[in-house]
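One structure below.
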Amino acid sequence: MSSLAAELSAKAVALGVPLAAHLDLTYRCNERCVHCYLDHDDHGELTFDEVDRLLGEMAAAGVLRLTLSGGEPLLRTDFFAIVRRARQLGFSVKLKSNGIMIREAEAAALHELCLESVQISIYSHRAEVHDAITKVKGSLARSLAAARFLIGQGLRVNFATVLMRDNARDYPEVQALAHALGAGFTLDPTITPHLNGERSILALNVASDDLKRVLHDERVAGRLEESCAPPSDDELDAAPCSAGHSACYISPYGEVYPCVQFPLASGNIRDQSFSAIWRNSPQLAEVRAVRIRDLPVCSSCPHATSCTRCPGLAYMEGSLRGPSAADCEKSFARTGIPTAAMRLRH
Amino acid sequence: MSDKFIRRSSATAARALGDEMIVLAVADSTLFSLNEAARLLWEAADGRRPLREIVNEVIVPQFEVDAETAYCDALELVEQLAGHGILELADQPLEQADA
Chain L
1 MSSLAAELSA KAVALGVPLA AHLDLTYRCN ERCVHCYLDH DDHGELTFDE
51 VDRLLGEMAA AGVLRLTLSG GEPLLRTDFF AIVRRARQLG FSVKLKSNGI
101 MIREAEAAAL HELCLESVQI SIYSHRAEVH DAITKVKGSL ARSLAAARFL
151 IGQGLRVNFA TVLMRDNARD YPEVQALAHA LGAGFTLDPT ITPHLNGERS
201 ILALNVASDD LKRVLHDERV AGRLEESCAP PSDDELDAAP CSAGHSACYI
251 SPYGEVYPCV QFPLASGNIR DQSFSAIWRN SPQLAEVRAV RIRDLPVCSS
301 CPHATSCTRC PGLAYMEGSL RGPSAADCEK SFARTGIPTA AMRLRH
Chain S
347 MSDKFIRRSS ATAARALGDE MIVLAVADST LFSLNEAARL LWEAADGRRP
397 LREIVNEVIV PQFEVDAETA YCDALELVEQ LAGHGILELA DQPLEQADA
């Protein structure tokens, strides 16, 4: 993070401004990725008018950076109208998509709308591996074609690879492919439990040895998408991450959460304005009250101020003040030093 | 006397944060923090009003500075912002882009 970005982020927290928001426009998807944590049925998505009102409220509340995602957001027939409205309201818009529906015309339209970047999920350079993960034959070719169309328009594209057992050895080739096409690359070593609490997809996580190898791989150093940077300033008095402090997540049904990976329901924009939820939600107040010093196990951990502990994953494991096993595993894989939570278990 | 016209670049995003204006250049995600004078110029940069008129009506009353000094400072500032690609600067009026 640049010094100005860090300064503005700190100012946003001090002023209580949500500088960034992630809005999933739909959970519907045209892929069926084996590791996906979403229910793809439509349970009553926000209408265009509701999204329009939400965007206006978020702009008034101070949101600058808006990530639009899903599901596959381009499945909404009003997708481009929503992006256009977001740009008119002064948001910087990032898009997360599988790219399947992005051809030349869509890429040109996204260029015209001046998106900040487009992230496309690429799981492997091998079609048989990528397509087996998405369960859509031909999906790798479609996603790569989308990347070429977007890059051809001058848009910035990032490949995002979620690391799992089936593609554990493929990320260097995906990174090389990204480089060859002029795209960026991030690697996410975290499988998120299903939003309904079901945890069987965690079996897709890479084995400990593979995780250790990846975390020591200099080729991907600094490119690991671990959702939040570790605390750096006031150490134990720091907030665990930006979730609920200067960032939040809104589901396709209007539910507000601290983060996409933190399913603590904090209000619904169908019942209250976005600003009222952001200012008054007891759940967000509870999240904001937590400091690393308050964490009963993690505050005494040798990794306390270097860990990328995700409070959302911890919440899904039982307590937003508790440890996250996935992050304990990563801290251990990086350093070989057991975490406080690991020591307690043994 | 010839004048200049300024317009916010369409390849930007902007939001007020407290007393400053944050501008983000979407091409490379560079962030800019505009001080009060730059913010006033940014907000008035509709491509149609001449820079001298903006300075006389917006900057001079706010900062109690003589018009010519304010214009020279404003011109230097908008040239800097144009150099970063977040503002367009022209000798003729510019149409306001609709994102």
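Here the protein sequences come in this chain order: L and S. Its first residue numbered 1, the first sequence is counted upward by one per residue in this note's numbering. Its first residue numbered 347, the second sequence is counted upward by one per residue in this note's numbering. Heads up, the beta-carbon is just placed ideally off N, CA and C, and yes, glycines get one too.
For residue i, the nearest candidate out of the options (CA to CA)
{"i": "residue 66/L", "options": "20/L, 177/L, 258/L, 50/L", "result": "20/L"}
{"i": "residue 385/S", "options": "368/S, 397/S, 435/S, 398/S", "result": "368/S"}
{"i": "residue 382/S", "options": "362/S, 395/S, 397/S, 392/S", "result": "362/S"}
{"i": "residue 352/L", "options": "54/L, 9/L, 131/L", "result": "Absent from the structure is residue 352/L, since the part of chain L shown begins at 1 and ends at 346."}
{"i": "residue 424/S", "options": "366/S, 409/S, 396/S", "result": "396/S"}
{"i": "residue 75/L", "options": "301/L, 26/L, 33/L, 95/L", "result": "26/L"}
{"i": "residue 73/L", "options": "15/L, 16/L, 28/L, 186/L", "result": "28/L"}
{"i": "residue 165/L", "options": "139/L, 208/L, 183/L", "result": "208/L"}
{"i": "residue 183/L", "options": "155/L, 52/L, 313/L", "result": "155/L"}
{"i": "residue 55/L", "options": "44/L, 82/L, 69/L, 212/L", "result": "82/L"}
{"i": "residue 51/L", "options": "13/L, 257/L, 270/L, 320/L", "result": "270/L"}
{"i": "residue 260/L", "options": "315/L, 12/L, 301/L", "result": "315/L"}
{"i": "residue 117/L", "options": "404/S, 370/S, 413/S, 420/S", "result": "370/S"}
{"i": "residue 77/L", "options": "10/L, 48/L, 5/L", "result": "48/L"}
{"i": "residue 372/S", "options": "6/L, 299/L, 249/L, 92/L", "result": "92/L"}
{"i": "residue 214/L", "options": "189/L, 204/L, 238/L", "result": "189/L"}
{"i": "residue 33/L", "options": "103/L, 104/L, 136/L, 43/L", "result": "136/L"}
{"i": "residue 185/L", "options": "125/L, 10/L, 134/L, 22/L", "result": "125/L"}
{"i": "residue 198/L", "options": "212/L, 313/L, 328/L", "result": "313/L"}
{"i": "residue 86/L", "options": "115/L, 104/L, 105/L", "result": "115/L"}
8 Å Cβ cutoff met for residue i and residue j
{"i": "residue 275/L", "j": "residue 59/L", "result": "no"}
{"i": "residue 219/L", "j": "residue 296/L", "result": "no"}
{"i": "residue 46/L", "j": "residue 107/L", "result": "no"}
{"i": "residue 153/L", "j": "residue 216/L", "result": "no"}
{"i": "residue 90/L", "j": "residue 360/S", "result": "yes"}
{"i": "residue 24/L", "j": "residue 311/L", "result": "no"}
{"i": "residue 432/S", "j": "residue 387/S", "result": "no"}
{"i": "residue 64/L", "j": "residue 84/L", "result": "no"}
{"i": "residue 147/L", "j": "residue 95/L", "result": "no"}
{"i": "residue 290/L", "j": "residue 240/L", "result": "yes"}
{"i": "residue 163/L", "j": "residue 187/L", "result": "yes"}
{"i": "residue 292/L", "j": "residue 344/L", "result": "no"}
{"i": "residue 422/S", "j": "residue 428/S", "result": "no"}
{"i": "residue 439/S", "j": "residue 394/S", "result": "yes"}
{"i": "residue 416/S", "j": "residue 401/S", "result": "yes"}
{"i": "residue 168/L", "j": "residue 206/L", "result": "yes"}
{"i": "residue 340/L", "j": "residue 298/L", "result": "yes"}
{"i": "residue 80/L", "j": "residue 105/L", "result": "no"}
Q) Any chance the segment 184-201 of chain L sits against the segment 23-40 of chain L, with 3 or more Cβ pairs inside 8 Å? A) Using a Cβ-Cβ distance cut-off of 8 Å, the segment 184-201 of chain L and the segment 23-40 of chain L are in contact, since at least three pairs of beta carbons, one from each stretch, lie closer than that value.
Q: Give, in chain order, every unbroken run of the beta strand (DSSP E) that is at least 3 residues long and sits entirely within the segment 228-267 of chain L.
A: Scanning the segment 228-267 of chain L for uninterrupted beta strand (DSSP E) segments of 3 residues or longer gives 247-250, listed from N- to C-terminal end.
Q: Pull out every residue of the segment 1-27 of chain L whose Cβ sits closer than 9 Å to any Cβ of chain S, in chain order.
A: Hits within the stretch, in order: 2, 4, 5, 7, 8, 11, 12, 14, 15, 17, 19.
Q: Please confirm if the segment 155-162 of chain L is in contact with the segment 104-121 of chain L, defined as three or more CB-CB distances below 8 Å between the two stretches.
A: The segment 155-162 of chain L is in contact with the segment 104-121 of chain L.
(Q) To be precise: take each residue of the segment 357-370 of chain S, compare its Cβ to all Cβ atoms of chain L, and keep it if any distance is under 9 Å. Which residues remain? (A) Of all residues in the segment 357-370 of chain S, only 357, 358, 359, 360, 361, 362, 363, 364, 366, 368, 370 place a beta-carbon less than 9 Å from a beta-carbon of chain L.
Q | Every unbroken beta strand (DSSP E) within the segment 61-140 of chain L, with a cutoff of 3 residues, ordered by chain | A | The segment 61-140 of chain L contains these whole beta strand (DSSP E) runs: 65-69, 92-97, 117-121.
Q: May I ask you to verify whether the segment 318-338 of chain L touches the segment 266-283 of chain L, counting CB pairs closer than 8 Å and requiring at least 3?
A: With contact defined as three or more Cβ pairs closer than 8 Å, the segment 318-338 of chain L and the segment 266-283 of chain L are not in contact.
Q) Can you find at least 3 beta carbon pairs, one from the segment 331-344 of chain L and one from the segment 365-380 of chain S, that sit closer than 8 Å? A) Under the three-pair Cβ rule at 8 Å, the segment 331-344 of chain L does not count as touching the segment 365-380 of chain S.
Q) Any chance the segment 98-107 of chain L sits against the segment 135-148 of chain L, with 3 or more Cβ pairs inside 8 Å? A) At 8 Å Cβ cutoff, the stretches touch.
Q: Report yes or no: do the segment 284-300 of chain L and the segment 244-254 of chain L share at least 3 C-beta pairs separated by less than 8 Å?
A: Contact holds: three or more Cβ-Cβ distances are below 8 Å.
Q: Please list the residues of the segment 74-96 of chain L that have a C-beta atom closer than 7 Å to any C-beta atom in chain S, keeping them in chain order.
A: Cβ contacts with chain S come from 84, 87, 88, 90, 91, 92.
**Q.** Sequence ranges, alpha helix (DSSP H) only - wholly within the segment 154-205 of chain L, length at least 4
**A.** Segments of the alpha helix (DSSP H) lying fully in the segment 154-205 of chain L: 171-181.
(Q) Using a Cβ-Cβ cutoff of 7 Å, what residues of the segment 371-394 of chain S are near chain L? List them in chain order. (A) Within the segment 371-394 of chain S, the residues whose Cβ lies closer than 7 Å to any Cβ of chain L are, in chain order, 372, 375, 377, 379.
**Q.** Residues, ordered as in the chain, of the segment 109-121 of chain L that lie near chain S by beta-carbon distance below 9 Å
**A.** So the list reads 112, 113, 114, 115, 116, 117, given in the order they occur along the chain.
Q. Going along the segment 45-72 of chain L in order, which residues come within less than 8 Å of chain S, judged by CB to CB distance?
A. Going along the segment 45-72 of chain L in chain order, one finds 59, 62, 63, 64, 65 with a Cβ nearer than 8 Å to chain S.
Q: For the segment 298-342 of chain L, list the alpha helix (DSSP H) runs that are entirely contained and at least 4 residues long, ordered along the chain.
A: Given a length threshold of 4 residues, each whole run of the alpha helix (DSSP H) inside the segment 298-342 of chain L is given here in chain order: 311-316, 325-335.
Q: Jot down the residue ranges of each uninterrupted beta strand (DSSP E) in the segment 11-48 of chain L, minimum 3 residues, whole runs only, in chain order.
A: As for any beta strand (DSSP E) of minimum length 3 sitting wholly inside the segment 11-48 of chain L, the runs are 20-24, ordered along the chain.
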